[in-house]
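Per the UniProt record's numbering, the sequence shown runs over residues 1 to 298.
A virtual CB, placed ideally from N, CA and C, is assigned to each residue, including glycine.
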Amino acid sequence: MTRTLTPRDLPHDDRYIGYCLNESDELVHIDSVPRGKACGCRCVSCAEPLIARKGDIRVHHFAHAQQNQCTGALETLLHLLAKEILRTASVLALPDYTWRREQSLGDRLIHLEQAIVAGGRARLSQVLIEPRTFEGIIPDVVFATQARDGSARTILLEVTVSHPVDAEKLKRLRALNLPALELTLKPAHARLTRAELEKRILQGSAGKRWLFHPRELDCERRFDERYRQARDRLEQEQAERAKAEKDRGERMRRASSFDGTRESANLIAEFFARHGRFPTMSETSAMFQEALAKRKLK
Numbered sequence: 001m002t003r004t005l006t007p008r009d010l011p012h013d014d015r016y017i018g019y020c021l022n023e024s025d026e027l028v029h030i031d032s033v034p035r036g037k038a039c040g041c042r043c044v045s046c047a048e049p050l051i052a053r054k055g056d057i058r059v060h061h062f063a064h065a066q067q068n069q070c071t072g073a074l075e076t077l078l079h080l081l082a083k084e085i086l087r088t089a090s091v092l093a094l095p096d097y098t099w100r101r102e103q104s105l106g107d108r109l110i111h112l113e114q115a116i117v118a119g120g121r122a123r124l125s126q127v128l129i130e131p132r133t134f135e136g137i138i139p140d141v142v143f144a145t146q147a148r149d150g151s152a153r154t155i156l157l158e159v160t161v162s163h164p165v166d167a168e169k170l171k172r173l174r175a176l177n178l179p180a181l182e183l184t185l186k187p188a189h190a191r192l193t194r195a196e197l198e199k200r201i202l203q204g205s206a207g208k209r210w211l212f213h214p215r216e217l218d219c220e221r222r223f224d225e226r227y228r229q230a231r232d233r234l235e236q237e238q239a240e241r242a243k244a245e246k247d248r249g250e251r252m253r254r255a256s257s258f259d260g261t262r263e264s265a266n267l268i269a270e271f272f273a274r275h276g277r278f279p280t281m282s283e284t285s286a287m288f289q290e291a292l293a294k295r296k297l298k
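And the structure:
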């Protein structure tokens, strides 16, 4: 008599093995082999014999016959499965890619957003697994795709499970100036059947992201130019404000220097020379206001 499975009944993701190598070095699923040691299978990572556990309670899975601590089986397995599926693929779903960058400049935010790739299905004319074509790097997969205009293009793909592409590898990928994708698989995907895994890898965009696309370079140039122009405008505005402040200070200095001593005496002397008398209080005030106005215009 069977009972309903609960999460507790399922093996931990890091120990679950749903595929293995048979005696012909082919990847086979747990449901396609006899149970127990009769499966004649071995681990894809350590090559140790496996037992096919196909009971009525726990989910079917392989276990190491010697109960050894093989920690790399899942990652190796998912890499092999992905490459095997991609090797014979004729179509691959590609994700969207929108390039974005922003950077602060004073109290402003310089921003650029550009659609680079529209997601869709790419037809594959050739698939190479771990080709040693490029100096300094061996991509997991290289595709040759057919564009709508008939032109061919090359796309690199990296398969990751627990170790995403690091900065150093990304730098080497960018140096090739070719579009590069990352396909991320999770340990739980080892529970999928071959058909389910093929559907996820080939038909869906989940778990895929663009690591690099050559069109980024044009976006980077445009952003740098936009930032440079904004910086130049800011510097010009700052210079104009500084000059205006300096001119204002100079006018205030000139105005404050008109203190009614020597210059006021000169004004009174000029008035006396023209009119033969001293100015009245109102005439003196008017002379001072006129002289001050002339200073402000200078």
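{"Asked": "Is there contact here, the segment 126-134 with the segment 32-41, by at least three beta-carbon pairs under 8 Å?", "Found": "no"}
{"Asked": "Quick check on Phe272: buried or exposed, where buried means 16 or more other Cβ atoms within 10 Å of its Cβ?", "Found": "exposed"}
{"Asked": "Which ranges does the beta strand (DSSP E) cover as unbroken runs of at least 3 residues, wholly within the segment 86-162, from first to last along the chain?", "Found": "91-94, 97-105, 108-117, 120-129, 141-146, 152-160"}
{"Asked": "Is the segment 44-58 close to the segment 69-86, with three or more CB pairs under 8 Å?", "Found": "yes"}
{"Asked": "Any idea if Lys208 is buried or exposed, counting beta-carbon neighbours within 10 angstroms, 16 or more meaning buried?", "Found": "buried"}
{"Asked": "Specify whether the segment 97-106 and the segment 213-233 touch according to this definition: at least 3 beta carbon pairs, one from each stretch, less than 8 Å apart.", "Found": "yes"}
{"Asked": "Taking the beta carbon of Asp166 as the centre, do at least 16 other beta carbons fall within 10 Å, making it buried, or is it exposed?", "Found": "exposed"}
{"Asked": "So the alpha helix (DSSP H) Ala47 belongs to, where does it begin and stop?", "Found": "Here Ala47 belongs to no alpha helix (DSSP H), and DSSP marks it neither H nor E."}
{"Asked": "Report, in whole angstroms, the separation of the C-beta atoms of Ala175 and Gly18, which I expect to be a contact under 8 Å.", "Found": "Actually they do not touch by this definition, with Cβ atoms about 37 Å apart."}
{"Asked": "Once DSSP output is grouped into helix, strand and coil, what is the label at Thr284?", "Found": "helix"}
{"Asked": "Are the beta-carbon atoms of Thr154 and Leu178 separated by less than 8 Å?", "Found": "yes"}
{"Asked": "How should Phe278 be labelled, buried or exposed, when 16 other C-beta atoms within 10 angstroms of its C-beta is the threshold for buried?", "Found": "exposed"}
{"Asked": "Given that a residue counts as buried once 16 or more other Cβ atoms are within 10 Å of its Cβ, and exposed if not, what is Arg3?", "Found": "The predicted position of Arg3 is uncertain, since its pLDDT is 43 and thus under 50; no value can be drawn from it."}
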